[in-house]
Every structure is written in C-alpha cells, then in structure tokens.
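Trainee: Numbering (this note's numbering), first residue to last: 220 to 673.
Think of the CB as a built atom: it goes at the ideal place given N, C-alpha and C, for glycine as much as any other residue.
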C-alpha cells in the first residue's frame, strides 16, 4: 500500500479472448467499507492464435487426427509454419497407407506444415499421430508467421489396453512401542502374467484414524431415502449410524441432528410402504410375489475413443420404466445407467453420442453391468465400433502421404470415408455433415441382462 492509499496489483490475464470487468472495494477501521463507483473493462484480443481440441482420452495403439485451427485476424493473408513437437518421443507420426503398410517407426522429433491463412479467417491443420506411452503426453503445436506467432501446450490422456483391475492390501501399523523409531513392513505385490505392459501402478495411503475419512465427510452420508425398499434402506441406515457416532463423541451439531432426524422419519415412513400382506418386507412390496425382481443394478457404457455422449439426448433414455437415473463421467465418455429393477426380460438400450475426433484402429471397450450393492456380481462384455482405417482420417488432412496413397488405391479418400459411414448405418446419411453419430448399443452389442441375473 502506498502512502497516498493506492495500490498496484499485477495479475496475468487468462488465455481467453473475451472482456473482463474489474471492480474493487476497500475496508478501513475508521471509514468502513468503500466500493469503487465504476468498474473497469479490459478486452483481451489476439490477432493471431491457435485453437487445439483434444479428446478426453485415447487408448494406446489407436491413431488419431489432431486438428488445430490457426486464426488470422489481421487485414491481410499470412503464410505460417505450423510445427508439432515430439521431442519426448511419446508418440509416432502416422505414415501408414493402409492396414498392410505399417507406420514408419523412425524417431521423428517434429513435423512441419505450411499454410496460407486468409485475412479475418482460420485454417485447420491436422496431424496424424499414434501414442505409444501410457499416461499424460504433451501435445505442443507452434504456429509462426513473419509478423506474429503463437504456441499451445496441452495434455492428452493415453489409457492402456484391457480393463483396470484393483488389488488392495491393508496393514496395521502399531506405534505403541516407544523404543521403535521406525516401522517396516514388507508387502508382496504379485503382477498377473496377463497384465498389460507399462500399466502397473502402485499407490500407498496412510490413515491415522480408521474413522477419519468417514468423519471428514459425514455430510455425504446424510441422504434423503428414496427408491425401492433396498435403496431406501441403503440411504436410511447411514443417518442412524452418523447420529449415534456423533452423539457418543460429543460432536453432534444442531444442523446435522435436524437433518438426520428428518431423513430417518422420512425413510421409516417410506419403508412401511414396502411391507407385504404377510408382515414381511421386500424390495418392491407386493409387486414381486414371484421373486423375479433383483436389487438395483448399474450399467456402465464406455464409449470408443473420439466419441462423447449426447448429453441433451440422454434424458430420453430414462423414459424406459426400468431406468431410474442416468449420469456421465470422464468427460462424457462414460455413460452410467441406474436400473430401479431388473427382471428376466431382455432389455436393449440406445445410447446417443457425438463423434468429436477421428480415431483409427479403435480398441474394444466394455459394457459393464453390476449389482449396486455387491460389485462382485458383475458381468462385462466388450464391443468394437465399425472398423476405421488410416484412410478414414484423410477427410481432414488430404496433404498427408497416407491420404495421397489412399486416393490412388481407393479413388478419393473423402468418397471412401462416406462409403464407410453409409455402411455402418444407413440412417446416418442426414447426419454426416454434422458428424453426429448415434451409437446404437442394441445393434452393436446385445446386452442380455436376464442372463446375468438368472
């Protein structure tokens, strides 16, 4: 703070082309609160920049067409050099012409392309790459012109092939011995022979209080009971446990007590609605006399690389009477469907999705169904999207050698791509321009839930 009462605060402007409004207030022991009468407006603008879009993740071994758009808001055209950096050798630049002629595995540290960008316009530049390292890899693209330049660096998640399996071991550490300054434990970790190379991970966590993680998140345990009889009890009982624990440890606050008692009263009244005529209780009361109803089940549909769920269209899936709720995770690439009840009748679902990035050699991805209360009761099936080759990536990058060879062997790369789309689903003709595809799970994979529960 200066002697005249003024101060200078320096802060970097976020990398976003927009307008920012800046306001200020001050507090003083004598005059109290003071608010600036006017706000300042700062407009952030760049005449030359790169915009890069990446998918949430990709599986190792898949090839993807990464598209960067270089914008030029100068009043004249600009010739620019666009470079993609690969100094860390985390991926390969794809040069294969088809399934027979494989990619060039020589180490290439960068790839350059030259483009002419019209005034007040943008030009897309596409690079075909195949990641070979698991984890987050650097995607760095630089555009340089005589009068301007820009660079963008983002992280792309590369997942291993196969399915993740978790193995846990708990060890009790006793610190009562005053003569011991250190505690050593030997833990044997067995890696299965069929583990995907490079995918092994070991994490260690320590908890000083067994109840520690639960106590720190007690509010998450207080839930309003809902759903069928079993769902109701699942949310009903934790309220009782939390109330009893906090009362015994003298940590019960009036707010938590009021919320817990309200949930208990509501859950108790709701549970009475599942009482059967003979005095017993069941998941659905008198509606499941034959005993063919099961617990609440969950289906997780993982979308292929390059696809994201159509969030706006997903609510239509809940129109089915068996479905209670639907969520997404992992950047909308994983669709989670909650079934209020599952019978022995076969159920087929349609999961709508957008294709946001072109990916070749897609790996198989799973559809998993499991018991909400017992994850050991799990059924999984893998499905593969329609085969996409390197030639199918050429619609956005005709200057690649692979695309030139595709044009020679199969006519036009663009025509071949359209033919593939029509083959995969004849109803996609009206959606090709918007590159909006619908993954019909009933057609791609038949998930016969009744086999799982029988």
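1. Please state whether DSSP places residue 297 in a helix, a strand or coil.
2. Return the residue from the list 457, 470, 469 that minimises the CA-CA distance to residue 180.
3. Put residue 464 into one of helix, strand or coil per three-state DSSP.
4. Check for me: the beta strand (DSSP E) holding residue 336 runs from which residue to which?
5. Relative to the C-alpha of residue 329, which residue among 351, 225, 360, 415 is closest?
6. Buried or exposed: which applies to residue 395, given that a residue is buried once 16 or more other Cβ atoms fall within 10 Å of its Cβ?
7. Among the candidates 355, 221, 386, 349, whose CA atom is the shortest distance from the CA of residue 372?
8. Are the beta-carbon atoms belonging to residue 358 and residue 374 less than 9 Å from one another?
9. Quick one: what does DSSP say residue 716 is sitting in, helix, strand or coil?
10. Applying the 10 Å Cβ sphere with the 16-neighbour rule, what's the burial state of residue 404?
11. Would the beta-carbon of residue 611 fall within 9 Å of that of residue 583?
12. If we ignore side chains and look at the alpha-carbon of each, how far apart do residue 312 and residue 305 end up?
13. Residue ranges of each alpha helix (DSSP H) run of no fewer than 4 residues wholly in the region 341–426, ordered along the chain?
14. Who are the near neighbours of residue 676 in its chain, counting only those whose CB is closer than 8 Å to its CB and skipping five residues on each side?
15. Under 9 Å, do residue 225 and residue 241 count as touching if we go by C-beta distance?
16. Would you kindly work out how many angstroms separate the C-alpha atoms of residue 348 and residue 525, rounded to a whole number?
17. By how many angstroms is the C-alpha of residue 479 removed from the C-alpha of residue 254?
18. Hey, is the region 551–558 in contact with the region 516–530, meaning 3+ C-beta pairs nearer than 8 Å?
19. Would you decide whether residue 343 is buried or exposed? Buried here means 16 or more other CB atoms lie within 10 Å of its CB.
20. Do you know how far the Cα of residue 564 is from the Cα of residue 352?
21. Short of 6 Å in beta carbon distance, which residues of its chain neighbour residue 364, apart from the five on each side in sequence? Order them along the chain.
22. Where does residue 261 land, buried or exposed, given buried means 16+ other C-beta within 10 angstroms?
23. Suppose you measure from the CA of residue 581 to the CA of residue 270; what does that come to, to the nearest Å?
24. When we look at the beta-carbon of residue 707 and count the other beta-carbons within 10 Å, is it buried (16 or more) or exposed?
25. Between 238, 572, 383, 540, which lies nearest to residue 415 when the distance is taken from Cα to Cα?
26. Given a threshold of 16 other Cβ atoms within 10 Å of its Cβ, counted over all protein chains shown, does residue 535 qualify as buried or as exposed?
27. Since residue 476 is in the alpha helix (DSSP H), which residue starts that stretch and which ends it?
28. By Cβ distance, which residues of its chain are closer than 8 Å to residue 530, with the 5 residues on each side in sequence left out?
29. Residue 551 bridges to which residues according to DSSP?
30. Using only the alpha-carbon positions, how far apart do residue 606 and residue 274 sit?
31. Is the distance from the Cβ of residue 392 to the Cβ of residue 406 below 9 Å?
32. Give the range of the beta strand (DSSP E) segment to which residue 225 is assigned.
33. Short check: CB of residue 575 to CB of residue 272, under 9 Å?
34. Please report the straight-line C-alpha distance between residue 315 and residue 602, rounded to a whole angstrom.
Mentor: Reading off the structure:
1. As a first step, residue 297 must be located in the chain shown, where it is residue number 78. Residue 297 carries a strand assignment under DSSP once its states are collapsed to helix, strand and coil.
2. Absent from the structure is residue 180, since the part of the chain shown begins at 220 and ends at 673.
3. What you label residue 464 is simply residue 245 of the chain shown in a count that begins at 1. In this structure, residue 464 counts as helix in the three-state DSSP scheme.
4. Residue numbering aside, residue 336 sits at position 117 when the chain shown is read from its first letter. From DSSP, the beta strand (DSSP E) with residue 336 extends over 329–336.
5. Along the chain shown, read from residue 1 onward, the residue named residue 329 stands at position 110. When only C-alpha atoms are compared, the closest one is 360.
6. Residue numbering aside, residue 395 sits at position 176 when the chain shown is read from its first letter. Exposure of residue 395 is indicated by the presence of fewer than 16 other C-beta atoms within 10 angstroms of its C-beta.
7. Taking the chain shown and counting its residues from 1, the one referred to as residue 372 is at position 153. Minimum Cα distance to residue 372 is reached at 355.
8. Within the chain shown, residue 358 is the residue found at index 139, counting from 1. Within the chain shown, residue 374 is the residue found at index 155, counting from 1. Yes.
9. Outside the shown range of the chain (220 to 673) lies residue 716, about which nothing can therefore be said.
10. Looking up residue 404 in the chain shown gives position 185. By the Cβ neighbour-count rule, residue 404 is exposed, with fewer than 16 other Cβ atoms within 10 Å of its own.
11. Here residue 611 is taken as the residue at index 392 of the chain shown, counted from 1. Here residue 583 is taken as the residue at index 364 of the chain shown, counted from 1. Between residue 611 and residue 583, the gap from beta carbon to beta carbon reaches 9 Å or more.
12. On the chain shown, position 93 is the one that residue 312 refers to. On the chain shown, position 86 is the one that residue 305 refers to. Going by the C-alpha atoms only, they are around 9 Å apart.
13. Segments of the alpha helix (DSSP H) lying fully in the region 341–426: there are none.
14. Any question about residue 676 goes unanswered here, given that the chain covers just 220 to 673.
15. Translated into the one-based positions of the chain shown, residue 225 becomes position 6. Translated into the one-based positions of the chain shown, residue 241 becomes position 22. The Cβ atoms of residue 225 and residue 241 lie no closer than 9 Å to each other.
16. To locate residue 348, count along the chain shown from 1; it is residue 129. To locate residue 525, count along the chain shown from 1; it is residue 306. Distance between the alpha carbons of residue 348 and residue 525: 14 Å.
17. As a working mapping, residue 254 is identified with position 35 in the chain shown. As a working mapping, residue 479 is identified with position 260 in the chain shown. As the crow flies, the alpha-carbon of residue 254 is around 42 Å from that of residue 479.
18. Counting C-beta pairs with one atom in each stretch, the region 551–558 and the region 516–530 have three or more that are closer than 8 Å, which means they touch.
19. Position 124 of the chain shown, counted from the first residue, corresponds to residue 343. Counting of Cβ neighbours within 10 angstroms places residue 343 among the exposed residues, the total staying below 16.
20. Numbered from 1 along the chain shown, position 133 holds the residue referred to as residue 352. Numbered from 1 along the chain shown, position 345 holds the residue referred to as residue 564. The C-alpha of residue 564 is placed about 43 Å away from the C-alpha of residue 352.
21. Here residue 364 refers to the residue found at position 145 of the chain shown. The beta carbon of residue 364 lies closer than 6 Å to those of 297, 299 in the same chain, with the five residues before and after it left out.
22. Translated into positions along the chain shown, residue 261 becomes position 42. Burial call: exposed.
23. Here residue 581 refers to the residue found at position 362 when the chain shown is read from its first residue. Here residue 270 refers to the residue found at position 51 when the chain shown is read from its first residue. If I take the Cα positions, the gap works out to 25 Å.
24. A question about residue 707 goes unanswered here, because the residues of the chain that appear run from 220 up to 673.
25. The residue labelled residue 415 in the question sits at position 196 within the chain shown. Closest by alpha carbon: 383.
26. Here residue 535 corresponds to residue number 316 of the chain shown, with the count starting at 1. Residue environment for residue 535: exposed (fewer than 16 other C-beta atoms within 10 angstroms of its C-beta).
27. Counted from its first residue, the chain shown places residue 476 at position 257. According to the DSSP assignment, residue 476 belongs to the alpha helix (DSSP H) that extends over 473–491.
28. For this step, residue 530 is matched to residue 311 along the chain shown. Answer for residue 530: 547, 551, listed in chain order.
29. Here residue 551 corresponds to residue number 332 of the chain shown, with the count starting at 1. BP columns for residue 551 are empty, so no partner.
30. Residue mapping note: residue 606 aligns to position 387 of the chain shown, counting from 1. Residue mapping note: residue 274 aligns to position 55 of the chain shown, counting from 1. Distance between the alpha carbons of residue 606 and residue 274 is about 19 Å.
31. Residue mapping note: residue 392 aligns to position 173 of the chain shown, counting from 1. Residue mapping note: residue 406 aligns to position 187 of the chain shown, counting from 1. No, the Cβ-Cβ distance between residue 392 and residue 406 is not below 9 Å.
32. On the chain shown, position 6 is the one that residue 225 refers to. From DSSP, residue 225 is part of no beta strand (DSSP E); its letter is neither H nor E.
33. What you label residue 575 is simply residue 356 of the chain shown in a count that begins at 1. What you label residue 272 is simply residue 53 of the chain shown in a count that begins at 1. Yes, these two residues count as a Cβ contact at 9 Å.
34. As a first step, residue 315 must be located in the chain shown, where it is residue number 96. As a first step, residue 602 must be located in the chain shown, where it is residue number 383. At residue 315, the pLDDT of 46 sits below 50, so the modelled position is not reliable and the matter cannot be decided from this model.
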